[in-house]
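So for the sequence shown, the numbering used here puts the first residue at 10; every next one is plus one. All remarks here apply to the structure that follows.
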Amino acid sequence: MAVQSELSILVVAGGRGSRAGEGLPKQYRPVAGVTVLARTLQAMHDAAPKARLKVVIHPDDVELYARSVTELSPGAQAALSKPALGGALRQESVRNGLEALAQEGAPEIVLIQDAARPFADPGLIARAVAAARAHGAAVPGVPLNDTVKEIDAAGFVVATPDRARLRAVQTPQSFRFPLILAAHRAAAASGREYTDDAMIAEAAGHAVFVFTGDIRNFKLTTPEDFARAMEQLKALSAAPALADLPDVRMGQGYDVHAFAEGDKVWLGGVGVPHSHSLAGHSDADVLMHAITDAVLGAIAEGDIGAHFPPSDPQWKGAASEIFLAHACKLVRDRGGMIAHIDATVVCEAPKVGPHREAIRESLARIMGLDVGRVAIKATTTERLGFTGRREGIAALAIATVRLPEM
(Lines of atoms letter the chains of each structure in order from A and count residues from 1; the text may use other names and numbers.)
(Lines give C-alpha, C1' and ligand atoms only; values in the text may rest on other atoms or scores of the structure.)
Protein backbone atom coordinates (compact mmCIF):
# COMPACT_ATOMS: atom_id res chain seq x y z
CA MET A 1 0.00 0.00 0.00
CA ALA A 2 2.02 2.95 -1.29
CA VAL A 3 1.77 6.24 0.58
CA GLN A 4 0.63 9.08 -1.70
CA SER A 5 -0.06 11.97 0.66
CA GLU A 6 0.44 12.97 4.26
CA LEU A 7 -3.23 13.71 4.93
CA SER A 8 -6.58 12.77 3.43
CA ILE A 9 -9.99 13.91 4.62
CA LEU A 10 -12.89 11.51 4.08
CA VAL A 11 -16.26 13.27 4.21
CA VAL A 12 -19.19 10.92 4.79
CA ALA A 13 -22.22 12.16 2.82
CA GLY A 14 -24.11 8.95 2.12
CA GLY A 15 -26.98 9.38 4.58
CA ARG A 16 -30.55 10.28 3.73
CA GLY A 17 -31.00 12.77 6.62
CA SER A 18 -34.78 13.28 6.53
CA ARG A 19 -35.14 14.79 10.02
CA ALA A 20 -34.00 18.19 8.74
CA GLY A 21 -37.12 18.46 6.56
CA GLU A 22 -37.59 19.96 3.08
CA GLY A 23 -37.15 16.66 1.23
CA LEU A 24 -33.49 16.93 0.26
CA PRO A 25 -30.85 14.98 2.19
CA LYS A 26 -29.54 17.46 4.74
CA GLN A 27 -26.02 17.58 3.27
CA TYR A 28 -27.45 19.07 0.07
CA ARG A 29 -29.70 21.60 1.75
CA PRO A 30 -28.51 25.20 1.40
CA VAL A 31 -27.50 27.35 4.35
CA ALA A 32 -27.25 31.01 3.34
CA GLY A 33 -27.18 29.96 -0.31
CA VAL A 34 -24.44 27.32 -0.07
CA THR A 35 -25.06 23.61 0.49
CA VAL A 36 -24.02 22.07 3.78
CA LEU A 37 -21.70 19.67 1.96
CA ALA A 38 -19.97 22.49 0.10
CA ARG A 39 -19.50 24.42 3.34
CA THR A 40 -18.02 21.36 5.02
CA LEU A 41 -15.65 20.61 2.14
CA GLN A 42 -14.56 24.24 1.87
CA ALA A 43 -13.89 24.40 5.60
CA MET A 44 -11.77 21.24 5.38
CA HIS A 45 -9.79 22.60 2.44
CA ASP A 46 -9.27 26.01 4.05
CA ALA A 47 -7.97 24.33 7.21
CA ALA A 48 -5.69 21.86 5.37
CA PRO A 49 -5.03 23.13 1.82
CA LYS A 50 -2.61 20.30 0.96
CA ALA A 51 -4.95 17.50 2.04
CA ARG A 52 -6.70 15.25 -0.45
CA LEU A 53 -10.51 15.34 -0.16
CA LYS A 54 -12.75 12.36 -0.84
CA VAL A 55 -16.51 12.23 -0.37
CA VAL A 56 -18.64 9.12 0.13
CA ILE A 57 -22.06 9.68 -1.46
CA HIS A 58 -25.32 7.77 -1.80
CA PRO A 59 -25.65 6.11 -5.24
CA ASP A 60 -28.79 8.19 -5.88
CA ASP A 61 -27.04 11.50 -5.18
CA VAL A 62 -24.54 11.69 -8.05
CA GLU A 63 -26.22 14.73 -9.61
CA LEU A 64 -26.76 16.47 -6.26
CA TYR A 65 -23.08 15.96 -5.46
CA ALA A 66 -21.94 17.25 -8.85
CA ARG A 67 -23.97 20.44 -8.42
CA SER A 68 -22.83 20.94 -4.84
CA VAL A 69 -19.09 20.83 -5.57
CA THR A 70 -19.43 23.60 -8.17
CA GLU A 71 -19.87 25.92 -5.15
CA LEU A 72 -16.31 25.21 -4.01
CA SER A 73 -13.25 27.36 -4.62
CA PRO A 74 -10.95 26.21 -7.47
CA GLY A 75 -8.41 25.00 -4.92
CA ALA A 76 -10.95 22.87 -3.09
CA GLN A 77 -12.25 21.42 -6.35
CA ALA A 78 -8.69 20.50 -7.33
CA ALA A 79 -8.21 18.70 -4.00
CA LEU A 80 -11.24 16.45 -4.62
CA SER A 81 -10.80 12.94 -5.92
CA LYS A 82 -13.55 10.81 -7.44
CA PRO A 83 -16.36 10.19 -4.92
CA ALA A 84 -16.88 6.74 -3.46
CA LEU A 85 -20.32 5.17 -3.24
CA GLY A 86 -21.78 4.47 0.18
CA GLY A 87 -23.40 1.35 1.55
CA ALA A 88 -26.47 0.54 3.61
CA LEU A 89 -24.78 1.51 6.90
CA ARG A 90 -22.47 4.38 7.79
CA GLN A 91 -19.62 2.04 8.69
CA GLU A 92 -19.94 0.36 5.30
CA SER A 93 -19.80 3.76 3.62
CA VAL A 94 -16.68 4.71 5.56
CA ARG A 95 -15.01 1.40 4.71
CA ASN A 96 -15.79 1.94 1.02
CA GLY A 97 -14.17 5.35 1.25
CA LEU A 98 -11.10 3.99 3.02
CA GLU A 99 -10.70 1.23 0.45
CA ALA A 100 -10.92 3.82 -2.33
CA LEU A 101 -8.20 5.89 -0.66
CA ALA A 102 -6.02 2.79 -0.33
CA GLN A 103 -6.38 2.06 -4.03
CA GLU A 104 -5.45 5.63 -4.97
CA GLY A 105 -2.44 5.73 -2.65
CA ALA A 106 -2.77 5.51 1.11
CA PRO A 107 -2.27 8.66 3.19
CA GLU A 108 -0.34 8.70 6.45
CA ILE A 109 -3.28 10.23 8.35
CA VAL A 110 -7.00 10.23 7.56
CA LEU A 111 -9.68 12.44 9.09
CA ILE A 112 -13.24 11.10 8.90
CA GLN A 113 -15.74 13.96 8.91
CA ASP A 114 -19.54 14.09 8.91
CA ALA A 115 -20.82 16.00 5.88
CA ALA A 116 -23.28 17.81 8.16
CA ARG A 117 -20.61 19.50 10.31
CA PRO A 118 -19.70 22.64 8.35
CA PHE A 119 -18.10 24.62 11.17
CA ALA A 120 -14.79 22.84 11.82
CA ASP A 121 -12.08 25.49 12.05
CA PRO A 122 -8.31 25.29 11.38
CA GLY A 123 -7.49 24.87 15.06
CA LEU A 124 -9.73 21.82 15.37
CA ILE A 125 -8.24 20.25 12.25
CA ALA A 126 -4.71 20.91 13.51
CA ARG A 127 -5.54 19.24 16.82
CA ALA A 128 -7.06 16.27 15.00
CA VAL A 129 -3.99 15.73 12.83
CA ALA A 130 -1.59 16.18 15.72
CA ALA A 131 -3.53 13.79 17.96
CA ALA A 132 -3.61 11.08 15.27
CA ARG A 133 0.14 11.37 14.77
CA ALA A 134 0.78 11.18 18.50
CA HIS A 135 -1.74 8.50 19.46
CA GLY A 136 -2.85 6.64 16.33
CA ALA A 137 -6.57 7.07 16.99
CA ALA A 138 -8.27 10.20 18.32
CA VAL A 139 -11.63 11.96 18.54
CA PRO A 140 -12.68 15.51 19.46
CA GLY A 141 -14.81 15.78 22.56
CA VAL A 142 -16.56 18.54 24.50
CA PRO A 143 -17.58 18.50 28.18
CA LEU A 144 -21.20 17.87 29.11
CA ASN A 145 -23.21 20.62 30.77
CA ASP A 146 -26.07 18.38 31.93
CA THR A 147 -26.04 15.56 34.44
CA VAL A 148 -26.29 12.17 32.71
CA LYS A 149 -28.32 9.26 34.07
CA GLU A 150 -28.04 5.61 33.08
CA ILE A 151 -31.44 3.93 33.14
CA ASP A 152 -32.72 0.37 32.99
CA ALA A 153 -35.29 -1.09 30.57
CA ALA A 154 -38.14 0.14 32.79
CA GLY A 155 -36.85 3.72 32.80
CA PHE A 156 -35.41 3.79 36.33
CA VAL A 157 -32.02 5.30 37.13
CA VAL A 158 -29.35 2.70 37.81
CA ALA A 159 -26.28 4.96 37.83
CA THR A 160 -25.14 8.58 37.59
CA PRO A 161 -21.76 8.71 35.84
CA ASP A 162 -19.21 11.33 36.87
CA ARG A 163 -19.85 14.14 34.38
CA ALA A 164 -16.25 15.33 34.65
CA ARG A 165 -15.12 12.13 32.95
CA LEU A 166 -17.67 12.22 30.13
CA ARG A 167 -17.33 13.85 26.72
CA ALA A 168 -19.72 14.37 23.84
CA VAL A 169 -17.78 13.15 20.82
CA GLN A 170 -17.68 14.95 17.48
CA THR A 171 -15.96 14.56 14.13
CA PRO A 172 -13.51 14.74 12.46
CA GLN A 173 -12.21 11.56 14.03
CA SER A 174 -8.57 11.08 13.13
CA PHE A 175 -6.44 7.98 12.61
CA ARG A 176 -3.25 6.63 11.20
CA PHE A 177 -4.57 5.24 7.96
CA PRO A 178 -3.34 1.61 8.19
CA LEU A 179 -4.80 1.35 11.72
CA ILE A 180 -8.34 2.40 10.83
CA LEU A 181 -8.41 0.54 7.51
CA ALA A 182 -7.46 -2.72 9.24
CA ALA A 183 -9.99 -2.05 12.01
CA HIS A 184 -12.80 -1.46 9.50
CA ARG A 185 -11.91 -4.63 7.63
CA ALA A 186 -12.02 -6.58 10.89
CA ALA A 187 -15.38 -5.03 11.79
CA ALA A 188 -16.81 -6.01 8.40
CA ALA A 189 -15.58 -9.57 8.85
CA SER A 190 -17.17 -9.77 12.31
CA GLY A 191 -20.59 -8.64 11.10
CA ARG A 192 -20.99 -6.32 14.09
CA GLU A 193 -22.40 -2.79 13.80
CA TYR A 194 -20.81 0.28 15.39
CA THR A 195 -22.02 3.86 15.70
CA ASP A 196 -18.72 5.60 15.00
CA ASP A 197 -15.21 4.93 13.79
CA ALA A 198 -13.69 5.29 17.24
CA MET A 199 -15.77 2.31 18.41
CA ILE A 200 -14.38 0.31 15.49
CA ALA A 201 -10.84 1.23 16.52
CA GLU A 202 -11.64 0.33 20.14
CA ALA A 203 -13.03 -3.05 19.06
CA ALA A 204 -9.75 -3.73 17.27
CA GLY A 205 -7.87 -3.15 20.53
CA HIS A 206 -6.63 0.40 19.98
CA ALA A 207 -6.65 3.10 22.64
CA VAL A 208 -8.50 6.20 21.45
CA PHE A 209 -7.37 9.63 22.67
CA VAL A 210 -9.93 12.42 23.20
CA PHE A 211 -8.66 15.87 22.28
CA THR A 212 -10.38 19.22 22.76
CA GLY A 213 -13.38 19.67 20.47
CA ASP A 214 -15.37 22.81 19.75
CA ILE A 215 -19.00 23.47 20.69
CA ARG A 216 -19.40 25.45 17.45
CA ASN A 217 -18.66 22.27 15.49
CA PHE A 218 -22.19 20.91 15.85
CA LYS A 219 -23.98 18.51 13.52
CA LEU A 220 -26.93 19.73 11.47
CA THR A 221 -29.76 17.23 11.98
CA THR A 222 -33.04 19.01 12.77
CA PRO A 223 -34.71 22.20 11.49
CA GLU A 224 -33.60 23.86 14.73
CA ASP A 225 -29.98 23.01 13.87
CA PHE A 226 -30.32 24.75 10.52
CA ALA A 227 -31.69 27.85 12.25
CA ARG A 228 -28.75 27.73 14.64
CA ALA A 229 -26.37 27.42 11.68
CA MET A 230 -27.80 30.60 10.16
CA GLU A 231 -27.26 32.45 13.43
CA GLN A 232 -23.71 31.13 13.71
CA LEU A 233 -22.92 32.25 10.16
CA LYS A 234 -24.23 35.72 11.00
CA ALA A 235 -22.03 35.82 14.09
CA LEU A 236 -18.98 34.71 12.12
CA SER A 237 -19.57 37.31 9.42
CA ALA A 238 -19.93 39.93 12.13
CA ALA A 239 -16.68 38.92 13.85
CA PRO A 240 -14.82 42.04 15.01
CA ALA A 241 -12.11 43.49 12.83
CA LEU A 242 -8.74 44.19 14.38
CA ALA A 243 -9.63 47.87 14.53
CA ASP A 244 -12.60 46.99 16.76
CA LEU A 245 -10.35 45.32 19.34
CA PRO A 246 -8.67 48.19 21.20
CA ASP A 247 -6.78 46.24 23.88
CA VAL A 248 -3.41 45.53 22.25
CA ARG A 249 -1.23 42.97 24.03
CA MET A 250 2.23 41.59 23.29
CA GLY A 251 3.80 38.41 24.58
CA GLN A 252 7.26 36.96 24.20
CA GLY A 253 8.41 33.37 24.15
CA TYR A 254 11.76 31.63 24.27
CA ASP A 255 12.68 27.97 24.03
CA VAL A 256 15.74 25.82 23.53
CA HIS A 257 16.28 22.13 22.80
CA ALA A 258 19.47 20.11 22.59
CA PHE A 259 20.32 17.89 19.66
CA ALA A 260 19.81 14.13 19.91
CA GLU A 261 20.08 11.19 17.54
CA GLY A 262 17.79 11.39 14.54
CA ASP A 263 17.46 12.55 10.96
CA LYS A 264 15.24 15.66 11.12
CA VAL A 265 14.14 18.49 13.37
CA TRP A 266 10.61 19.86 13.65
CA LEU A 267 10.38 23.60 13.09
CA GLY A 268 6.95 25.19 12.97
CA GLY A 269 5.31 21.88 12.13
CA VAL A 270 7.68 21.15 9.24
CA GLY A 271 10.12 18.25 9.34
CA VAL A 272 13.50 19.69 8.29
CA PRO A 273 16.09 17.06 7.28
CA HIS A 274 19.21 17.19 9.44
CA SER A 275 21.93 15.00 10.87
CA HIS A 276 20.25 15.14 14.29
CA SER A 277 16.85 15.53 15.89
CA LEU A 278 15.95 17.61 18.93
CA ALA A 279 15.49 16.06 22.37
CA GLY A 280 12.29 16.79 24.26
CA HIS A 281 9.24 15.34 25.98
CA SER A 282 6.99 16.17 23.02
CA ASP A 283 8.17 16.41 19.41
CA ALA A 284 10.60 19.16 20.53
CA ASP A 285 9.40 21.72 17.99
CA VAL A 286 11.43 24.56 19.49
CA LEU A 287 9.92 27.23 17.22
CA MET A 288 6.33 26.25 17.91
CA HIS A 289 7.02 26.12 21.64
CA ALA A 290 8.38 29.67 21.62
CA ILE A 291 5.37 30.93 19.65
CA THR A 292 2.97 29.10 21.97
CA ASP A 293 4.54 30.76 25.00
CA ALA A 294 4.37 34.15 23.28
CA VAL A 295 0.63 33.75 22.61
CA LEU A 296 -0.01 32.55 26.17
CA GLY A 297 2.04 35.45 27.52
CA ALA A 298 0.01 37.98 25.57
CA ILE A 299 -3.16 36.91 27.39
CA ALA A 300 -1.43 36.28 30.75
CA GLU A 301 -2.18 32.55 30.66
CA GLY A 302 1.13 31.25 31.98
CA ASP A 303 3.39 29.11 29.85
CA ILE A 304 3.24 25.90 27.87
CA GLY A 305 4.29 23.79 30.86
CA ALA A 306 1.33 24.99 32.90
CA HIS A 307 -1.12 23.75 30.26
CA PHE A 308 0.77 20.64 29.12
CA PRO A 309 3.01 19.48 31.99
CA PRO A 310 6.04 17.46 30.87
CA SER A 311 5.34 15.18 33.84
CA ASP A 312 2.09 14.07 32.16
CA PRO A 313 2.80 10.94 30.06
CA GLN A 314 -0.02 11.70 27.60
CA TRP A 315 2.15 14.45 26.06
CA LYS A 316 5.12 12.16 25.50
CA GLY A 317 6.02 12.52 21.82
CA ALA A 318 2.96 14.73 21.19
CA ALA A 319 2.87 16.98 18.15
CA SER A 320 3.33 20.60 19.20
CA GLU A 321 0.44 21.63 16.95
CA ILE A 322 -1.78 20.61 19.86
CA PHE A 323 -0.13 23.17 22.13
CA LEU A 324 -0.21 26.06 19.68
CA ALA A 325 -3.80 25.38 18.58
CA HIS A 326 -4.84 25.38 22.26
CA ALA A 327 -3.19 28.76 22.88
CA CYS A 328 -4.90 30.24 19.82
CA LYS A 329 -8.26 28.88 20.98
CA LEU A 330 -7.80 30.66 24.32
CA VAL A 331 -7.39 33.94 22.43
CA ARG A 332 -10.53 33.31 20.37
CA ASP A 333 -12.49 32.30 23.47
CA ARG A 334 -11.80 35.79 24.85
CA GLY A 335 -13.18 37.37 21.70
CA GLY A 336 -9.69 38.31 20.55
CA MET A 337 -7.55 37.90 17.47
CA ILE A 338 -3.87 37.31 16.84
CA ALA A 339 -2.59 40.24 14.80
CA HIS A 340 0.99 39.15 14.12
CA ILE A 341 3.69 36.61 14.95
CA ASP A 342 7.39 37.47 14.66
CA ALA A 343 9.81 34.64 15.44
CA THR A 344 13.53 33.95 15.09
CA VAL A 345 15.31 30.60 14.97
CA VAL A 346 18.89 30.61 16.30
CA CYS A 347 21.18 27.84 15.05
CA GLU A 348 24.21 27.05 12.90
CA ALA A 349 22.38 24.19 11.20
CA PRO A 350 20.10 23.18 9.63
CA LYS A 351 19.57 26.06 7.24
CA VAL A 352 16.10 27.51 7.75
CA GLY A 353 15.92 29.60 4.57
CA PRO A 354 14.95 26.81 2.15
CA HIS A 355 12.07 25.84 4.45
CA ARG A 356 10.93 29.30 5.54
CA GLU A 357 7.81 29.52 3.38
CA ALA A 358 6.67 26.01 4.27
CA ILE A 359 7.09 26.88 7.95
CA ARG A 360 5.12 30.12 7.56
CA GLU A 361 2.31 28.30 5.76
CA SER A 362 2.24 25.56 8.40
CA LEU A 363 2.04 28.02 11.28
CA ALA A 364 -0.57 30.16 9.52
CA ARG A 365 -2.74 27.08 8.98
CA ILE A 366 -2.52 25.98 12.60
CA MET A 367 -3.24 29.47 13.92
CA GLY A 368 -5.95 30.33 11.41
CA LEU A 369 -4.02 33.37 10.16
CA ASP A 370 -3.17 34.84 6.82
CA VAL A 371 0.41 33.88 6.03
CA GLY A 372 1.24 37.60 5.81
CA ARG A 373 0.79 37.79 9.58
CA VAL A 374 3.54 35.24 10.28
CA ALA A 375 7.19 36.35 10.06
CA ILE A 376 9.98 33.79 10.43
CA LYS A 377 13.66 34.73 10.54
CA ALA A 378 16.85 32.82 11.25
CA THR A 379 20.25 33.83 12.55
CA THR A 380 23.39 32.43 14.16
CA THR A 381 25.47 33.45 17.17
CA GLU A 382 28.66 33.62 15.10
CA ARG A 383 29.76 30.27 16.54
CA LEU A 384 29.43 31.51 20.12
CA GLY A 385 27.58 29.65 22.87
CA PHE A 386 25.75 26.34 22.73
CA THR A 387 24.08 27.06 19.39
CA GLY A 388 27.42 28.15 17.97
CA ARG A 389 28.89 24.83 19.10
CA ARG A 390 26.02 23.07 17.30
CA GLU A 391 24.67 21.60 20.53
CA GLY A 392 21.07 22.62 19.91
CA ILE A 393 18.59 25.20 18.61
CA ALA A 394 16.97 28.20 20.28
CA ALA A 395 13.92 30.18 19.20
CA LEU A 396 12.45 33.52 20.20
CA ALA A 397 8.96 34.80 19.39
CA ILE A 398 6.76 37.84 19.86
CA ALA A 399 2.98 37.62 19.52
CA THR A 400 0.75 40.65 19.06
CA VAL A 401 -2.81 40.01 20.21
CA ARG A 402 -5.84 42.29 20.21
CA LEU A 403 -8.70 41.83 22.67
CA PRO A 404 -11.96 43.58 23.48
CA GLU A 405 -11.77 46.22 26.18
CA MET A 406 -11.57 44.74 29.65
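Beta carbons are placed, not taken as given, at the ideal position from N, Cα and C, and that holds for glycine. Just so it is clear, the structure is predicted and the values come from calculations on it, not from any experiment.
Next on the checklist: Classify Glu-330: buried if its beta carbon has 16 or more other beta carbons within 10 angstroms, exposed otherwise.
Outcome noted: By the 10 Å Cβ count, Glu-330 comes out buried.
Checklist entry - Is it right to say Thr-79 is buried, meaning 16 or more other beta carbons lie within 10 angstroms of its own, or is it exposed? => result By the neighbour-count rule (16 or more Cβ atoms within 10 Å), Thr-79 is not buried but exposed.
Checklist entry - Per DSSP, what kind of secondary structure is Glu-310 in: helix, strand or coil? => result Coil at Glu-310, not helix or strand.
Checklist entry - Counting contacts by CB-CB distance shorter than 9 Å, is Leu-81 in contact with chain C? => result Within the model displayed, chain C is absent; a lone protein chain is all it includes.
Next on the checklist: Buried or exposed for Ile-18, going by 16 or more other Cβ atoms inside 10 Å?
Outcome noted: With 16 or more Cβ atoms within 10 Å of its Cβ, Ile-18 is classed as buried.
Item to check | Bridge partner(s) assigned by DSSP for Trp-275 | outcome: In DSSP, Trp-275 forms a bridge with Gly-280.
Item to check | Rounded Cβ spacing between Val-45 and Asn-105 (contact assumed at less than 8 Å) | outcome: That belief does not hold up - the Cβ atoms of Val-45 and Asn-105 are roughly 21 Å apart, past 8 Å.
Checklist entry - What whole-angstrom Cβ distance do Arg-48 and Pro-127 have, given they're in contact under 8 Å? => result About 4 Å separates the Cβ atoms of Arg-48 and Pro-127, confirming a contact at the 8 Å cut-off.
Checklist entry - When DSSP labels each residue in this structure, what does Thr-169 get in the three-state scheme? => result DSSP places Thr-169 outside both helix and strand once states are collapsed to three, so it counts as coil.
Checklist entry - Skipping 5 residues on each side, what residues in its chain have a beta carbon closer than 8 Å to that of Gly-96? => result Within the same chain, Gly-96 has close Cβ partners Gly-23, Ser-102, Arg-104 and Asn-105.
Next on the checklist: Val-21 and Gln-122 - do their beta-carbons sit closer together than 9 Å?
Outcome noted: Val-21 is positioned such that its CB atom lies closer than 9 Å to that of Gln-122.
Item to check | Cα-Cα separation, Ala-198 to Ala-192 | outcome: Our two residues, Ala-198 and Ala-192, have alpha carbons roughly 10 Å apart in a direct line.
Checklist entry - What are the start and end residues of each continuous beta strand (DSSP E) run of 3 or more residues lying completely inside the region 315 to 358, in chain order? => result Fully enclosed beta strand (DSSP E) runs of 3 or longer: 346 to 355.
Checklist entry - How is Thr-204 classed by DSSP in three states: helix, strand or coil? => result Residue state, collapsed to three classes: coil.
Item to check | Thr-353 beta carbon less than 9 Å from that of Thr-388 | outcome: Taking 9 Å as the Cβ cut-off, Thr-388 and Thr-353 qualify as a contacting pair.
Next on the checklist: Does Ser-82 come out as helix, strand or coil in the three-state DSSP assignment?
Outcome noted: Under the three-state reduction of DSSP, Ser-82 is assigned to coil, being neither helix nor strand.
Next on the checklist: Considering only DSSP beta bridges, list what Thr-409 is partnered with.
Outcome noted: Bridge partners of Thr-409: Met-259 and His-349.
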